[in-house]
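Only one structure is covered here, and it is reproduced in the block below.
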Amino acid sequence: MSKPLYVTKPELAPLDEFIPLLEEIWDSRVVTNCGPFHARFERALCDYLGVERVALFANGTLGLVTALQALRITGEVITTPYSFVATAHSLLWNKLTPVFVDIDPVTFNMDPDKIESAITPQTTAILPVHCYGQPCDVERIQRIADNYGLRVIYDAAHAFGVSRGGRSILDHGDLSVLSFHATKVFNTFEGGAIVCRDEKTKQRIDHLKNFGFVDEVTVVAPGINGKMSEINAAFGMLQLGYVDEAIRRRREIDGRYRAALRDMPGIHCPPLGGETHNYSYFPILVRPDCRISRDALYARFRAADIYARRYFYPLISDFPMYRGLPSAARTNLPVAARISEEVLCLPIYPQLSEQDVDRVIAVVKEAV
Ligand code: T4K
127 MSKPLYVTKP ELAPLDEFIP LLEEIWDSRV VTNCGPFHAR FERALCDYLG
177 VERVALFANG TLGLVTALQA LRITGEVITT PYSFVATAHS LLWNKLTPVF
227 VDIDPVTFNM DPDKIESAIT PQTTAILPVH CYGQPCDVER IQRIADNYGL
277 RVIYDAAHAF GVSRGGRSIL DHGDLSVLSF HATKVFNTFE GGAIVCRDEK
327 TKQRIDHLKN FGFVDEVTVV APGINGKMSE INAAFGMLQL GYVDEAIRRR
377 REIDGRYRAA LRDMPGIHCP PLGGETHNYS YFPILVRPDC RISRDALYAR
427 FRAADIYARR YFYPLISDFP MYRGLPSAAR TNLPVAARIS EEVLCLPIYP
477 QLSEQDVDRV IAVVKEAV
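In terms of our numbering, the sequence shown opens at residue 127 and continues consecutively.
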């Protein structure tokens, strides 16, 4: 029996390099509440990502929830149905109403052409996602936001290290929110961050992630406990030294898949955008003219111990807490509905060997 292959596997820096950092934490007994590793990791991340300010979080979802609070977003927020459910959940946690717009058939990101007609007097913000690390049309989204006086918060959970025109994709909009979950290109087991532009906003975010405390006796907002622990921060520092190599290995795997799947009938590999991609996912579309359906291919993979995933199926707008919204109607989201029925994300992570990749390719080849 061959070993199971998953859609992803976390890349982990060598354990023997982590032990001295753990010893430092043990010696100091400072284990959380924005200690020295937290501060060092924030600075190191700014340097690596080419951004000015980063606020660390315990996970990306708390980052999204807090980002919306930091900017005092109210009413309706325009977002995409084609994402992980945390994107829209962050709105419900803030008692905001998601307004779903359809996606672009090439990038799978929010279609900028659909934004203006979704704006109402209640709209205060746009929450797009750089899906699979593919950059959104940030310039057009910003123009629309400026015209209507809206805020833009990017869910950049997939977009670690992505840049365009020499500028980090995280350096757009008002705020960008990263996830460092185990399944991401860069992970701290669990973790996340908000990238922000000015010191005042960073300060407010720092208060909000620490219950709203400004000092021992002053609480300025009903903040949450969103802090990243010292262990996660120390691990993140270490991981930063290995992420370039991890992305390089992902690029090789991406290239191997692309070359092999290019001419397979009914299989489409969406092209990559962005100058510096991070190869965080490898989505394929199983088109209706393919000899096998997407779900039958998914089942074939499972039978071969390969755990490909249907990211993102079902659409967020199909989950019970969203499907009653007028914007959740299938007729409003035809592209997202089609893509979610055709998509399958193949395994991609640095530990995959060429033989592993070829095993995945062989299943597709045999099926089509
Ligand atoms: N916005 C977007 C666009 C996101 O994609 C996400 C998270 C968020 C916001 C929220 O960020 P966080 O709050 O999570 O920081 C996974 C992740 O749990 C989730 O973080 C991620 N998106 C989503 C796309 O994928 P599941 O339910 O598919 O994960 P799971 O446990 O099935 O893991 C997938 C595969 O990864 C497993 O088959 C095996 C492998 N794996 C997983 C874990 C956790 C490992 O090998 N080791 C591990 O420790 O959601």
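Positions of the beta carbon are idealized from the N, C-alpha and C atoms, including for glycine.
Following the DSSP letters along the chain, one finds Tyr174 inside the alpha helix (DSSP H) bounded by residues Pro162 to Leu175.
DSSP assignment within the stretch 323-371 yields the following whole alpha helix (DSSP H) runs of 4 residues or more, N-terminal first: 325-334 and 356-366.
Taking one beta carbon from each stretch, the stretch 314-326 and the stretch 176-183 have 3 or more pairs nearer than 8 Å; the two touch. Proximity of the beta carbon of Leu470 to the ligand T4K is not indicated: no heavy atom of the ligand is located closer than 7 Å. Three or more Cβ pairs drawn from the stretch 429-447 and the stretch 198-218 lie within less than 8 Å of each other, which places the two stretches in contact.
For the alpha helix (DSSP H) assignment, the uninterrupted runs of no fewer than 4 residues enclosed by the stretch 411-460 are, from N- to C-terminal side, 420-429. A residue is called buried when at least 16 other Cβ atoms come within 10 angstroms of its Cβ; Asn313 meets this threshold and is buried. For Ile204, no alpha helix (DSSP H) encloses it; the enclosing beta strand (DSSP E) starts and ends at Glu202 to Thr205. Membership of Tyr280 in the beta strand (DSSP E) is indicated by the continuous run Arg277 to Asp281. Judged by pairs of C-beta atoms under 8 Å, the stretch 245-257 does not touch the stretch 476-487, as fewer than three such pairs exist.
In the pairwise beta carbon analysis, the stretch 455-473 is classified as touching the stretch 130-137: at least three pairs are separated by under 8 Å. Inside the stretch 250-303, DSSP marks whole alpha helix (DSSP H) runs of 4 or more residues at positions 264-274, from first to last along the chain. When the Cα atoms are used, Thr205 and Asp153 turn out to be separated by approximately 46 Å.
For Arg155, there is no enclosing beta strand (DSSP E), as DSSP gives it neither H nor E.
By the beta-carbon neighbour count (other beta carbons within 10 angstroms, threshold 16), Ile145 is exposed. Of all alpha-carbon atoms in Ala386, Phe427, Ile357 and Ile465, the one lying nearest the alpha-carbon of Gly161 is that of Ile357. Of Leu334, Asp142 and Ala463, the smallest CA-CA separation from Tyr439 is found for Ala463. Nearest to Ala184 by C-alpha distance, out of Val203, Ala308 and Arg417, is Ala308. Counting every other CB atom within 10 Å of its CB across the protein chains shown gives Leu141 a total below 16, marking it as exposed.
Measuring C-alpha to C-alpha distances from Pro224 to each of Asn235, Gln248 and Pro231 identifies Gln248 as the nearest.
Pro224 has Val203 as its beta-bridge partners, per DSSP.
Annotation for Leu472: the continuous beta strand (DSSP E) segment containing it runs Val469 to Leu472. In the three-state reduction of the DSSP assignment, Tyr132 falls in the strand class. Secondary structure of His394 (DSSP, three-state): strand. Rounded to the nearest whole angstrom, the C-alpha separation of Asp263 and Leu301 is 15 Å. Restricting attention to Gln195, Leu147, Val490 and Thr402, the CA atom closest to the CA of Leu296 is found in Thr402. Residue pairing by DSSP puts Ile229 in a beta bridge opposite Met236. Of Arg290, Ser355, Glu316 and Thr246, the smallest CA-CA separation from Arg155 is found for Ser355. About 13 Å separates the beta carbon of Thr200 from that of Thr246, a gap too long to meet the 8 Å contact definition. Two segments are said to touch when three or more pairs of C-beta atoms, one from each, lie closer than 8 Å; by this definition the stretch 357-375 does not touch the stretch 387-394. For Leu182, the enclosing beta strand (DSSP E) stretches over residues Arg179 to Phe183.
Under the three-pair Cβ rule at 8 Å, the stretch 422-432 does not count as touching the stretch 274-281.
In the three-state reduction of the DSSP assignment, Val494 falls in the coil class.
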